[in-house]
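Visitor:
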Amino acid sequence: MAVTRYQALADDIARSIREGLLREGDKLPSVRETCASRAVSPSTVFQAYYLLEARGLVRAQPRSGYYVRALPRALPPEPGTSQPGGESTSLAISARIFDILDSVRDRKVVPLGSAFPAASLFPLERLGQAMSGYLRHLDPHDTVEGLSPGNPRLRRQIALRYRAAGVAVGPEDVVITTGALDALNLCLHVTTQPGDAVVVESPTFYGALQALEQRGLKAVEVPTHPRQGIDLDALETAIARHAPKACWLMTQFQNPLGSLMPDENKRELVALLARHQIALIEDDVYSELYFGDIRPLPAKAYDTQGLVLHCSSFSKCLAPGYRIGWAVAGRYARAVQQLKLATTLSASGPPQGALAQYLEQGGYDRHLRRLRGTLAAQQERMLDAVARYFPAGTRVTRPQGGFFVWLEMPPGTDALALHRRALARGISVAPGPIFSASQQFGHALRLNYGHPWDDRMEDAMRELGSLAGRRDAARPRR
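Residue numbers (this note's numbering): 15 to 492.
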């Protein structure tokens with residue numbers, strides 16, 4: 015993906031700030047001066063300055079201009095590879111997860127614990143127009159044609175995006191579902207039986223743990239690195255010990271760590287599972303939210319035996335609330351389609367038609383470029399706030415995409431107690447134990463930077479860091 019002129023200008027100014035050519039308190043050249051010296055348009059300069067402001071490098075002073083802020087502090091180190099116990103675990107975690115996450119529904123609460131980015135980041139007006147246009151010209155036969163596997167126009171658009179990314183998928187391979195979680199649950203049901211073992215990362219998405227619990231499955235937690243993803247040697251050991259029937263993994267911008275498996279690791283992962291004929295349920299809902307120049311390939315790209323069941327949705331990148339996801343389930347595609355028909359018939363027709371119309375009209379990639387730039391800038395602000403406000407000994411991840419960071423506080427900190435104290439002050443967080451079948455990560459938090467960074471967010475991070483540094487945030491001695 016080519017760097018735009020305003021991004022190049024912003025990067026050049028940011029470089030001057032970091033190298034000390036521009037110092038704290040210095041005023042940036044006016045828009046007119048920059049237009050003349052750089053041979054760019056006023057729009058380019060404004061966009062560059064807005065981006066620098068979003069990154070926390072400059073501040074706007076009304077009727078005066080833009081001034082250089084203090085440089086962000088050196089970031090804390092990253093966490094290391096997790097060390098789960100290696101046992102298979104029966105699950106009883108749903109009640110705790112429901113209690114903790116119920117707080118994010120309150121709009122007065124600062125949503126650091128939310129699982130979604132801000133709705134204001136999405137083109138809701140254009141989606142509404144697409145919905146209106148689709149409904150005005152609705153063919154009554156669409157109500158039948160849209161039954162599982164789903165709206166043909168939408169399945170075609172999804173297949174085109176796979177092909178553009180270099181993954182050989184056709185419309186006939188796509189089954190539309192009611193969000194990604196529906197796709198993941200369907201895939202789990204067609205690959206396992208109650209009592210089976212399923213491999214998950216450590217830490218892992220709490221929705222995976224809930225799904226395993228409801229299905230009567232056992233979780234096998236495998237060590238996971240915050241940059242590289244699941245440890246393949248440890249995975250091979252777990253396969254030999256527990257004979258799992260499936261793996262539920264996030265190879266790209268994993269929730270909660272944000273890890274991105276290197277391409278070679280994905281290739282080795284698929285080959286390892288193929289040797290043992292183990293299904294890989296690939297939860298890939300954040301794949302469009304990469305911060306680099308090239309969209310990374312999913313593990314599905316290396317699948318030659320139909321063992322990778324690739325699941326995604328539009329909820330995190332385009333249309334929250336529309337609840338439209340899909341599965342590309344390889345050799346299990348027919349079973350997934352039949353199970354969808356047998357349980358809920360199909361996903362809702364109008365959202366499918368509206369999304370198909372929106373994608374056909376173009377503009378999706380333009381929206382994604384803006385969204386990625388916003389999220390990358392907001393991550394910088396959050397990491398800077400962690401460096402400024404959290405106690406010494408804190409560790410934090412640096413994801414290359416998505417909208418979560420994983421934060422590990424000094425040993426002895428009680429994340430559940432911190433969650434309760436923060437909530438009493440109007441701040442939600444997602445405490446570490448809900449991401450573990452064995453209730454590990456009692457000193458960790460997942461934080462969401464997918465909401466516009468303003469004084470409310472800055473104040474919440476300051477308050478949260480203060481609470482984390484208090485002695486009464488430590489676990490009581492037993």
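No residue lacks a Cβ here, since even glycine has one placed at the ideal position from N, Cα and C.
Within 8 Å, do at least three Cβ pairs link the region 366-378 to the region 156-175?
Guide: Result yes; three or more Cβ-Cβ pairs closer than 8 Å.
Visitor: Can you tell me whether residue 69 is buried or exposed, with buried defined as 16 or more other CB within 10 angstroms of its CB?
Guide: Classification of residue 69: buried, given that the 10 Å Cβ count is 16 or more.
Visitor: Give every residue of the same chain whose Cβ lies closer than 7 Å to the Cβ of residue 343, excluding the five residues on either side of it in the sequence, and list them in chain order.
Guide: For residue 343, where only same-chain residues beyond five positions count, the Cβ hits under 7 Å are 189, 201, 323 and 350.
Visitor: Exposed or buried, what is residue 422 when buried is set at 16 or more other beta-carbons lying within 10 Å of its beta-carbon?
Guide: So residue 422 ends up on the buried side.
Visitor: For residue 240 versus residue 405, is the C-beta spacing smaller than 8 Å?
Guide: Not in contact: residue 240 and residue 405 (Cβ atoms no closer than 8 Å).
Visitor: Would you identify the three-state DSSP class for residue 398, choosing helix, strand or coil?
Guide: Helix at residue 398.
Visitor: How far does the alpha helix (DSSP H) with residue 281 in it extend, from its first residue to its last?
Guide: Where residue 281 is concerned, the enclosing alpha helix (DSSP H) stretches over 277-290.
Visitor: So which of 204, 334, 105 and 179 has the shortest CA-CA distance to residue 228?
Guide: That would be 105, whose Cα lies nearest to the Cα of residue 228.
Visitor: Could you check whether residue 212 and residue 226 sit closer than 8 Å to each other, using their CB atoms as the reference points?
Guide: In contact: residue 226 and residue 212 (Cβ atoms closer than 8 Å).
Visitor: For residue 314, count neighbouring C-beta atoms within 10 Å of its own C-beta (all shown protein chains included) and say buried if the count is 16 or more, exposed if not.
Guide: Classification for residue 314: buried.
Visitor: Assign residue 4 to one of two classes, buried (16 or more other C-beta atoms within 10 Å of its C-beta) or exposed (fewer than that).
Guide: With the chain covering only 15 through 492, there is no way to say anything about residue 4.
Visitor: State buried or exposed for residue 308, treating a residue as buried only when at least 16 other CB atoms are found within 10 Å of its CB.
Guide: The residue is exposed, with fewer than 16 neighbouring Cβ atoms inside 10 Å.
Visitor: What are the partner residues of residue 446, as DSSP defines its beta bridges?
Guide: DSSP lists no partner for residue 446.
Visitor: Compute the beta-carbon to beta-carbon distance between residue 424 and residue 411, rounded to the nearest angstrom, for a pair I have assumed lies under 8 Å.
Guide: With 8 Å as the limit, residue 424 and residue 411 do not qualify as a contact, their Cβ atoms being about 16 Å apart.
Visitor: Out of 45, 431 and 460, which one is the CA nearest neighbour of residue 64?
Guide: When only C-alpha atoms are compared, the closest one is 45.
Visitor: When you compare only the Cα positions, how much space is there between residue 457 and residue 420?
Guide: Roughly 11 Å separates the two Cα atoms.
Visitor: Which ranges would you report for the alpha helix (DSSP H) in the region 325-372 if only whole runs of at least 4 residues count?
Guide: Here the runs fully enclosed are 347-357.
Visitor: Taking 6 Å as the limit between beta carbons, can you name the residues of its chain near residue 41, skipping five residues before and five after?
Guide: Cβ within range, chain order: 79 and 81.
Visitor: I need the straight-line Cα distance from residue 60 to residue 300, nearest angstrom please.
Guide: If you take the alpha carbons of residue 60 and residue 300, they lie about 29 Å apart.
Visitor: Would you call the region 370-381 and the region 442-460 in contact, with 3 or more CB pairs under 8 Å?
Guide: Taking 8 Å as the limit for Cβ pairs, the verdict is that the region 442-460 does not touch the region 370-381.
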